[in-house]
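Q: If you scroll down you'll find the structure; I have some questions about it.
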Amino acid sequence: DAGITQSPRHKVTETGTPVTLRCHQTENHRYMYWYRQDPGHGLRLIHYSYGVKDTDKGEVSDGYSVSRSKTEDFLLTLESATSSQTSVYFCAISDSGLAGDGEQFFGPGTRLTVL
Amino acid sequence: GNSVTQMEGPVTLSEEAFLTINCTYTATGYPSLFWYVQYPGEGLQLLLKATKADDKGSNKGFEATYRKETTSFHLEKGSVQVSDSAVYFCALSVGGSNYKLTFGKGTLLTVNP
Numbered sequence: 001d002a003g004i005t006q007s008p009r010h011k012v013t014e015t016g017t018p019v020t021l022r023c024h025q026t027e028n029h030r031y032m033y034w035y036r037q038d039p040g041h042g043l044r045l046i047h048y049s050y051g052v053k054d055t056d057k058g059e060v061s062d063g064y065s066v067s068r069s070k071t072e073d074f075l076l077t078l079e080s081a082t083s084s085q086t087s088v089y090f091c092a093i094s095d096s097g098l099a100g101d102g103e104q105f106f107g108p109g110t111r112l113t114v115l
Numbered sequence: 116g117n118s119v120t121q122m123e124g125p126v127t128l129s130e131e132a133f134l135t136i137n138c139t140y141t142a143t144g145y146p147s148l149f150w151y152v153q154y155p156g157e158g159l160q161l162l163l164k165a166t167k168a169d170d171k172g173s174n175k176g177f178e179a180t181y182r183k184e185t186t187s188f189h190l191e192k193g194s195v196q197v198s199d200s201a202v203y204f205c206a207l208s209v210g211g212s213n214y215k216l217t218f219g220k221g222t223l224l225t226v227n228p
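Line by line, the protein sequences give chains A and B. With the working numbering as the guide, the letters of the first sequence map in order to residues 1 to 115. With the working numbering as the guide, the letters of the second sequence map in order to residues 116 to 228.
The structure is reproduced here in structure tokens:
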């Protein structure tokens, strides 16, 4: 199994508070991704990173920011959480050098509830 | 743009039944195709993949063939088990796109004993 951990695994917060989710990898993979999973929508890409300090937006990036100061860590921040951001968040990693075909490896997920 | 359409669920089968989950795609360029599986309470795991036309991916009794002429990648299994109950996602990746995956909405499979 790819070494990917997410923290926290569960979080309940209130509307308007800031929240940071952490993804940590031990695989030294170049690419890291944040997705959210919602019923009826499958997985949707929020942001991704293609290297340290190199990030870009996905299809549902509004209300989210990311940072990657080290290869192994990719942080997702909700500056002011809203109830619409209640979801399960997955981190994924990919190594274009080895796989070359876009295969991604997923973390266990973080269940976030915004009250 | 890129998109994946997979059959809506839920799908309910009896043990040992034949399974087909349809997946079709639209892509710019030549995609790699994937099936991921998500067991209850877990993250996604790669089930199988195919990287070029006519390739067949297979794993754990599941198979899918990359059909460029019909832009399809249907998932099949000859005899399902209760332990196959999960959500199945079809996905594609196009080279030069920073390996972003585009997912279908997922199909929930329930297998009854």
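Where is the CB? At the ideal position from N, CA and C, for every residue including glycine. Quantities reported herein were computed from a predicted structural model and do not represent experimental measurements.
Applying the criterion that 16 or more other CB atoms from any shown protein chain within 10 Å of the CB defines a buried residue, is residue 89 of chain A buried or exposed?
A: The residue you call residue 89 of chain A lines up with position 89 of the first sequence. Residue 89 of chain A comes out buried.
Q: Taking the DSSP output, what are the residues bridged to residue 164 of chain B?
A: As a position in the second sequence, residue 164 of chain B is number 49, starting the count at 1. Paired residue(s): B/149.
Q: Can you find a CB in chain B that lies within less than 8 Å of the CB of residue 106 of chain A?
A: Along the first sequence, one-based indexing puts residue 106 of chain A at 106. Answer yes: the Cβ-Cβ gap between residue 106 of chain A and chain B drops below 8 Å somewhere.
Q: Please work out which residues of its chain come closer than 6 Å, Cβ to Cβ, to residue 115 of chain A, disregarding the five sequence neighbours upstream and downstream, and give them in chain order.
A: Looking up residue 115 of chain A in the first sequence gives position 115. The residues are 14.
Q: How would you write the range of the beta strand (DSSP E) that residue 183 of chain B sits in, first residue to last?
A: Within the second sequence, the letter at position 68 stands for residue 183 of chain B. Premise fails: residue 183 of chain B is in no beta strand (DSSP E) and is neither H nor E.
Q: How would you label residue 221 of chain B, buried or exposed, when you count the other beta carbons within 10 angstroms and need 16 or more for buried?
A: Working through the second sequence from its first residue, we reach residue 221 of chain B at position 106. Buried is the call here.
Q: Would you please state the rounded distance, in angstroms, between the beta carbons of residue 201 of chain B and residue 153 of chain B? I believe it to be under 8 Å.
A: In the second sequence, the residue the question calls residue 201 of chain B occupies position 86. In the second sequence, the residue the question calls residue 153 of chain B occupies position 38. About 6 Å; that satisfies the 8 Å criterion.
Q: Considering only C-alpha positions, which residue in the set A/69, A/10, A/81 and A/38 is nearest to residue 16 of chain A?
A: On the first sequence, residue 16 of chain A is found 16 positions in, with the first residue counted as 1. Nearest option by C-alpha distance: A/81.
Q: State the Cα-Cα distance for the pair residue 84 of chain A and residue 40 of chain A, rounded to the nearest angstrom.
A: For the purposes of this step, residue 84 of chain A is identified with residue 84 of the first sequence, where counting begins at 1. For the purposes of this step, residue 40 of chain A is identified with residue 40 of the first sequence, where counting begins at 1. When rounded, the distance between both Cα atoms is 14 Å.
Q: Mind checking whether residue 150 of chain B and residue 179 of chain B have CB atoms under 8 Å apart?
A: Start at 1 with the first residue of the second sequence, and residue 150 of chain B comes out as number 35. Start at 1 with the first residue of the second sequence, and residue 179 of chain B comes out as number 64. Yes.
Q: By the criterion of Cβ-Cβ separation under 9 Å, what are the contact partners of residue 192 of chain B in chain A?
A: Residue numbering aside, residue 192 of chain B sits at position 77 when the second sequence is read from its first letter. For residue 192 of chain B, no chain A residue has a Cβ inside 9 Å of its Cβ, as the nearest lies near 21 Å away.
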